[in-house]
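> Here's a structure for you.
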Amino acid sequence: MTQIDPMEIAPITPAGLVTGADVIVVNSSGGKDSQAMLDYVAQLAAEAGVSDRVTVVHNDLGATDTGIPIEWPGTADLVHRQAAHYGFPVVVTRRDKGGLFQQLRNERRKWPSASARWCTSDQKTGQGRKAVTRLVRELGITGRPAEVLYCLGLRAQESPGRARKPVLEIDKAGTSGRRVMRRWLPIHDWSDAQVWDRIRASGVPYHPAYDRGMTRLSCSLCVLASRDDLIRAARLRPDLAAEYAALETELNHRFRADMSMADIITAATPQEVSR
Numbered sequence: 002m003t004q005i006d007p008m009e010i011a012p013i014t015p016a017g018l019v020t021g022a023d024v025i026v027v028n029s030s031g032g033k034d035s036q037a038m039l040d041y042v043a044q045l046a047a048e049a050g051v052s053d054r055v056t057v058v059h060n061d062l063g064a065t066d067t068g069i070p071i072e073w074p075g076t077a078d079l080v081h082r083q084a085a086h087y088g089f090p091v092v093v094t095r096r097d098k099g100g101l102f103q104q105l106r107n108e109r110r111k112w113p114s115a116s117a118r119w120c121t122s123d124q125k126t127g128q129g130r131k132a133v134t135r136l137v138r139e140l141g142i143t144g145r146p147a148e149v150l151y152c153l154g155l156r157a158q159e160s161p162g163r164a165r166k167p168v169l170e171i172d173k174a175g176t177s178g179r180r181v182m183r184r185w186l187p188i189h190d191w192s193d194a195q196v197w198d199r200i201r202a203s204g205v206p207y208h209p210a211y212d213r214g215m216t217r218l219s220c221s222l223c224v225l226a227s228r229d230d231l232i233r234a235a236r237l238r239p240d241l242a243a244e245y246a247a248l249e250t251e252l253n254h255r256f257r258a259d260m261s262m263a264d265i266i267t268a269a270t271p272q273e274v275s276r
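When you line the sequence shown up against our numbering, it's residues 2 to 276, in that order.
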């Protein structure tokens, strides 16, 4: 991706970005950051009179071979409910060659990691660009490239890597003769408190996994999650954790260098207290 020169983007306000876009895509995982971002973008679009340009895109990660969802149950339904609150259509994307579990088992044969995030690039980013292609084609603009604003709920507080990401940049791989695609992080500088304040003020439902102790909501057992979140998720979703452990054995590759799925399951299992 090519970062926009800071001098070039300095005069562009959030309202200006929204107003200047032909297509506004809000990528939603159904998690708290996506939800807060959606409410913020919805406000900007309403104030600019361009709510009809907004589409919510959800990248579905699929299920295991036995049909257990990789994402938290009810996530896709929640994305639809959240989008409906603002009157936005939803596009759900899925990788044609299979979801995360099938790609891992049949193609990659190794778990993703912080340095090899194929789960994001293949299951999310690539599918999101395909959705943009369809939306631009349906728009039917001729004589100039369509302006696409692709919104992501990444925040600096989440990790040093995300803190270094530019708030606005040209997505070079997503840009063509038919469109200019800009990736925008509308809530990049927000704190957790700001996110939750926005959600509570909106009155729109959030995923119940948060009330059960989860701090993030992506795939239920994400290799990039904290130790506490992984243990809690394995406790809440033991069937999925068991399938992951079996796949870990089959692949002969640890779920994470510092923590195997077997370790996570052991830590999630209540221990008997001896007397």
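For glycine and all other residues, C-beta sits at the position ideal for the given N, C-alpha and C.
Here's a check: name, in chain order, each residue in its chain whose Cβ is nearer than 7 Å to the Cβ of leucine 186, leaving out the five neighbours to either side.
Around leucine 186: Leu153, Leu155, Lys166 and Val168.
> For the alpha helix (DSSP H) that contains tyrosine 87, what are its first and last residues?
Note, tyrosine 87: alpha helix (DSSP H), 76-87.
> The alpha helix (DSSP H) with valine 224 in it runs from where to where?
Premise fails: valine 224 is in no alpha helix (DSSP H) and is neither H nor E.
> When DSSP labels each residue in this structure, what does alanine 253 get in the three-state scheme?
Residue 253 is actually asparagine in this sequence, not alanine. Residue state, collapsed to three classes: coil.
> Measure the alpha-carbon distance for serine 192 versus lysine 131 and round it to whole angstroms.
Those two C-alpha atoms are separated by around 31 Å.
> What does a CB cutoff of less than 8 Å around histidine 254 pick up in its chain, not counting 5 residues either side in sequence?
Only Arg110, Lys111 and Trp112 meet the Cβ criterion.
> Tell me proline 70's beta-bridge partners as DSSP assigns them.
Answer is Ala64, bridged to proline 70.
> Can you say whether glutamate 251 is buried or exposed, counting buried as having 16 or more other CB atoms within 10 angstroms of its CB?
Its Cβ having fewer than 16 others within 10 Å, glutamate 251 is exposed.
> Can you tell me the Cα-Cα spacing of tyrosine 87 and alanine 247, whole angstroms?
Distance between the alpha carbons of tyrosine 87 and alanine 247: 42 Å.
> Whose CA, out of Ala16, Ser227 and Ser221, lies closest to the CA of tyrosine 245?
Cα-wise, what sits closest to tyrosine 245 is Ser221.
> Valine 274 by DSSP, collapsed to three states: which one?
Caution applies to valine 274, whose pLDDT of 47 falls short of 50 and renders its modelled position unreliable; the value that the coordinates give is listed next. Of the three classes helix, strand and coil, the one that applies to valine 274 here is coil, per DSSP.
> DSSP three-state call for tryptophan 197: helix, strand or coil?
Note: tryptophan 197 maps to helix in three-state DSSP.
> Taking DSSP as the reference, what is the three-state secondary structure of leucine 218?
Three-state DSSP puts leucine 218 in coil, outside helix and strand.
> Pick out whichever of Ile71, Pro90 and Met38 has its Cα sitting closest to the Cα of cysteine 24.
In the sequence on display, residue 24 carries valine and not cysteine. Closest by alpha carbon: Pro90.
> Could you give the distance in angstroms between the alpha-carbon of glutamine 124 and the alpha-carbon of alanine 16?
If you take the alpha carbons of glutamine 124 and alanine 16, they lie about 30 Å apart.
> Could you give the residue range of the beta strand (DSSP E) that holds isoleucine 188?
No beta strand (DSSP E) contains isoleucine 188, which DSSP labels as neither H nor E.
> Rounded to whole angstroms, what is the Cα-Cα separation between alanine 174 and tyrosine 151?
Each residue's Cα considered, the two are about 13 Å apart.
> Give every residue of the same chain whose Cβ lies closer than 7 Å to the Cβ of tyrosine 207, excluding the five residues on either side of it in the sequence, and list them in chain order.
Cβ within range, chain order: Lys33, Gln36 and Ile200.
> Beta carbon of leucine 248: closer than 8 Å to some heavy atom of the ligand SAH?
The ligand SAH is absent from the structure shown, which contains no ligands of any kind.
> Using DSSP with H/G/I as helix, E/B as strand and the rest coil, what is glutamate 9?
Confidence in glutamate 9 is poor, its pLDDT being 46 and thus under 50, which makes the residue's placement unreliable; the coordinate value appears in the next sentence. Helix.
> Roughly how many whole angstroms lie between the Cα atoms of valine 58 and alanine 84?
Their backbone Cα atoms lie some 10 Å apart in a straight line.
> List the endpoints of the continuous beta strand (DSSP E) containing tyrosine 151.
Element bounds for tyrosine 151: 147-152.
> According to DSSP, is isoleucine 232 part of a helix, a strand, or is it coil?
Looking at isoleucine 232 - three-state DSSP - the assignment turns out to be helix.
> Can you grab the Cα-Cα spacing for the pair glutamine 103 / aspartate 66, in whole Å?
So the two alpha carbons sit approximately 7 Å from each other.
> In whole angstroms, what separates the C-alpha of aspartate 259 from that of glutamate 148?
Aspartate 259 and glutamate 148: Cα-Cα distance of roughly 43 Å.
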